[in-house]
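Data first, discussion second: the structure below is written as structure tokens.
Protein chains: 2
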Amino acid sequence: MNYPSRLIEEAVAEISRLPGIGKKTALRLALHLLKRDEEQTRSLSDALLNMRTKTTYCSRCHNIADDTLCNICSNNKRDQATICVVVDTRDVLAIESTNQYRGLYHVLGGIISPLEGIGPSDLEIDSLMSRIEKKEGDEAVREVILALSPTMEGDTTAFYLQKRLKALGVKISTIARGIPIGGDLEYADEITLGRSIVSRVAYD
Amino acid sequence: MNYPSRLIEEAVAEISRLPGIGKKTALRLALHLLKRDEEQTRSLSDALLNMRTKTTYCSRCHNIADDTLCNICSNNKRDQATICVVVDTRDVLAIESTNQYRGLYHVLGGIISPLEGIGPSDLEIDSLMSRIEKKEGDEAVREVILALSPTMEGDTTAFYLQKRLKALGVKISTIARGIPIGGDLEYADEITLGRSIVSRVAYD
């Protein structure tokens with residue numbers, strides 16, 4: 002394609018390197034920015050660069066952070082006795098958006114996958130163990146919640162973690178599996194429906 | 002939502018100001034950039050800012066340009082006697098991507114729309130007339146192709162332009178309307194199909 006401007010061509014090329022964004026969408030976004038105030042592009046450009054160059058990883062939970070400790074670990078109001086184990090920052094954000102959890106997190110940075118050559122030593126598992134053993138801060142960790150996807154890899158990782166956590170004498174739990182709220186029984190897959198019957202919950 | 006990092010929160014907020022990009026997609030893009038080399042974010046950030054701050058409008062065709070003249074107007078190999086009138090840069094790029102047109106363009110910057118209060122004086126129509134009257138360069142303009150969308154506004158604008166261009170004694174044409182290539186007759190709307198019969202083309 003003959004772009005009327007080399008600068009647009011370069012911007013479109015850069016935007017379309019992002020996942021799920023093709024040339025047409027990239028062009029639409031570029032033309033949108035051209036129509037708006039220069040200030041919008043400037044703040045977008047600055048925000049991206051600041052995010053990439055100034056963020057680091059939390060030394061405790063390995064989540065993305067602005068400082069040595071992330072906003073969650075450094076928040077004293079959070080329940081320091083509960084740790085929720087997740088795969089990545091996206092999972093932390095998904096759980097945070099529910100407003101149902103007030104404990105801390107531990108970000109593994111991946112999932113055990115023999116097919117992709119990812120073993121326990123490639124993940125932040127040893128640091129999780131030492132967090133619990135060390136009993137950092139005043140409170141000891143009482144419960145570890147495994148919030149891993151119910152896939153082959155997730156189950157493998159959960160099984161491995163359970164085995165190692167049991168030795169530390171900490172309570173271990175996993176997020177509930179079942180029919181999604183608002184989901185229709187008719188359209189639920191057999192495995193989920195079957196498990197939801199087996200793990201039925203008694204009315205109080 | 003409780004973001005673990007203020008910098009990510011700001012980046013997500015800025016990305017989600019783009020059209021068609023919600024918070025979830027913005028977060029996915031931000032996390033993608035965090036996983037990649039710093040260099041990728043840096044070039045994206047620079048490309049956006051350069052595009053926004055360094056591009057200008059072509060003084061002849063009003064397309065986006067890096068310099069006084071856009072790449073198309075300053076290309077001597079293009080047919081200087083034909084001008085294709087379009088609404089915006091997107092249309093220029095759409096036509097350029099066909100590789101079927103070797104003439105110049107004229108970007109109106111909008112379309113006549115009484116409902117939105119856009120009249121002929123808000124568009125680059127006078128500059129189109131003077132481009133043809135002045136016979137810029139060595140060659141005079143012989144043909145003006147109207148490439149406007151077949152909507153109410155597009156037809157109004159085309160009708161207005163035809164009236165004014167006729168006075169200049171230049172050949173006026175419009176892009177062909179009909180059944181799209183690969184389109185199924187069965188699914189064509191009646192107006193398009195009707196027009197495609199009326200404007201049928203004889204085999205040579």
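Taken in order, these protein sequences are the chains called X and H. This note's numbering puts the first residue of the first sequence at 2, with every later residue one more than the last. This note's numbering puts the first residue of the second sequence at 2, with every later residue one more than the last. By construction, the Cβ of each residue, glycine as well, lies at the ideal position given by its N, Cα and C atoms.
Q: Please look up how many angstroms separate the CB atoms of V142 (chain H) and I84 (chain H), rounded, as I've assumed it's under 8 Å.
A: About 6 Å separates the two Cβ atoms, so the contact holds.
Q | Cutoff 6 Å; reference G195 (chain H); Cβ partners in own chain excluding five residues on either side | A | Only residues of its own chain outside the window of five on either side were considered, and among them none has a CB closer than 6 Å to the CB of G195 (chain H).
(Q) Under 9 Å, CB to CB, which of the residues in the region 79–94 of chain X have a partner in chain H? (A) For the region 79–94 of chain X, which is checked against every Cβ of chain H, the residues closer than 9 Å are D89, T90, R91, V93 and L94.
Q.
Using the Cβ count rule (16 or more neighbours within 10 Å means buried), how would you classify M52 (chain X)?
A. By the neighbour-count criterion, in which 16 or more other beta carbons inside 10 Å mark a residue as buried, M52 (chain X) falls on the buried side.
Q. Would you say the beta carbon of I73 (chain X) comes nearer than 7 Å to a heavy atom of the ligand GDP?
A. Although the ligand GDP was asked about, the structure shown includes no ligands whatsoever.
Q | Burial state of Y204 (chain X), where buried means 16 or more other Cβ atoms lie within 10 Å | A | Y204 (chain X) counts as exposed, since fewer than 16 other C-beta atoms from the protein chains shown sit within 10 angstroms of its C-beta.
Q.
Three Cβ pairs or more, each shorter than 8 Å: is that satisfied between the region 175–182 of chain X and the region 110–121 of chain X?
A. In this structure the region 175–182 of chain X does not touch the region 110–121 of chain X; the number of beta carbon pairs closer than 8 Å is below three.
Q. Using the beta-carbon of each residue, which ones in chain X are nearer than 7 Å to L149 (chain H)?
A. Those do not exist, as L149 (chain H) stays about 18 Å from chain X at its closest Cβ, beyond 7 Å.
Q) So, helix, strand or coil for S44 (chain X), using DSSP? A) When DSSP states are grouped into helix, strand and coil, S44 (chain X) belongs to the helix group.
Q: Establish whether the CB of M130 (chain H) and some CB of chain X are separated by less than 8 Å.
A: Not an interface residue.
Q) Given that R53 (chain H) touches chain X, what residues does it touch there, using C-beta distances under 7 Å? A) Correct list: L34, L35, E39 and T42.
Q. Among the residues of its own chain, which have a CB less than 6 Å from the CB of V13 (chain X), if the five just before and after it don't count?
A. Apart from sequence neighbours up to five positions away, the residues of its chain that approach V13 (chain X) with a beta-carbon distance below 6 Å are A27, L28 and A31, ordered along the chain.
(Q) Could you compute how far the alpha carbon of T54 (chain X) sits from the alpha carbon of I65 (chain X)? (A) Straight-line Cα distance between these residues: approximately 12 Å.
**Q.** Identified DSSP bridge partners for Y58 (chain X)
**A.** Y58 (chain X) is bridged by DSSP to X:I65.
**Q.** 3 or more residues per run - each beta strand (DSSP E) lying fully within the region 75–143 of chain X
**A.** If we require 3 residues or more, the beta strand (DSSP E) runs fully inside the region 75–143 of chain X come out as 80–87 and 104–108.
Q) Cβ of L30 (chain H) less than 8 Å from any chain X Cβ? A) At least one chain X Cβ lies under 8 Å of L30 (chain H).
(Q) I need the boundaries of the alpha helix (DSSP H) containing I176 (chain X), first residue and last residue. (A) It is not in any alpha helix (DSSP H) - I176 (chain X) carries neither H nor E in the DSSP assignment.
Q: Measuring alpha carbon to alpha carbon, tell me which of H:L35, H:L169, H:L162 and H:G184 ends up nearest K135 (chain H).
A: Nearest C-alpha to K135 (chain H) among H:L35, H:L169, H:L162 and H:G184: H:L169.
(Q) Please classify L186 (chain H) as buried or exposed, where buried requires at least 16 other C-beta atoms within 10 Å of its C-beta. (A) Residue environment analysis places L186 (chain H) among the exposed positions, since fewer than 16 neighbouring C-beta atoms fall within 10 angstroms of its C-beta.
Q) Taking a cut of 8 Å between CB atoms, which residues from the region 6–21 of chain X lie near chain H? A) Residues of the region 6–21 of chain X with a C-beta atom less than 8 Å from some C-beta of chain H are S6, R7, L8, I9, E11, A12, A14, E15, I16, R18, L19, P20 and G21, listed in chain order.
Q: Using 10 angstroms around the beta-carbon of V108 (chain H), count the other beta-carbons present and answer buried if the total reaches 16, otherwise exposed.
A: A buried status is given to V108 (chain H), since no fewer than 16 other beta-carbon atoms sit within 10 Å of its beta-carbon.
Q. Cα separation between T152 (chain X) and Y161 (chain X)?
A. Rounded to whole angstroms, T152 (chain X) to Y161 (chain X) spans 14 Å at the Cα level.
Q: Just mark T42 (chain H) as buried or exposed, buried being the case when its beta carbon has 16 or more other beta carbons within 10 Å.
A: Per the 10 Å Cβ criterion, buried.
Q. Taking Cβ positions only, does D67 (chain X) come closer than 8 Å to chain H?
A. With 8 Å as the cut-off, D67 (chain X) counts as an interface residue toward chain H.
Q.
Can you find the residues in the same chain that come closer than 7 Å, C-beta to C-beta, to Y4 (chain H), ignoring five residues on each side of it along the sequence?
A. Around Y4 (chain H): E10.
Q.
Below 8 Å on the Cβ atoms is my contact criterion, and I expect L1 (chain H) with I173 (chain H) to pass it. Report the Cβ-Cβ distance as a whole number of Å.
A. Absent from the structure is residue 1 (chain H), since the part of chain H shown begins at 2 and ends at 205.
Q | Reduced DSSP category for L30 (chain X) - H, G, I as helix; E, B as strand; rest coil | A | In this structure, L30 (chain X) counts as helix in the three-state DSSP scheme.
**Q.** Whole-angstrom distance between I192 (chain H) and P121 (chain H), CA atom to CA atom
**A.** A direct Cα-to-Cα measurement between P121 (chain H) and I192 (chain H) gives close to 28 Å.
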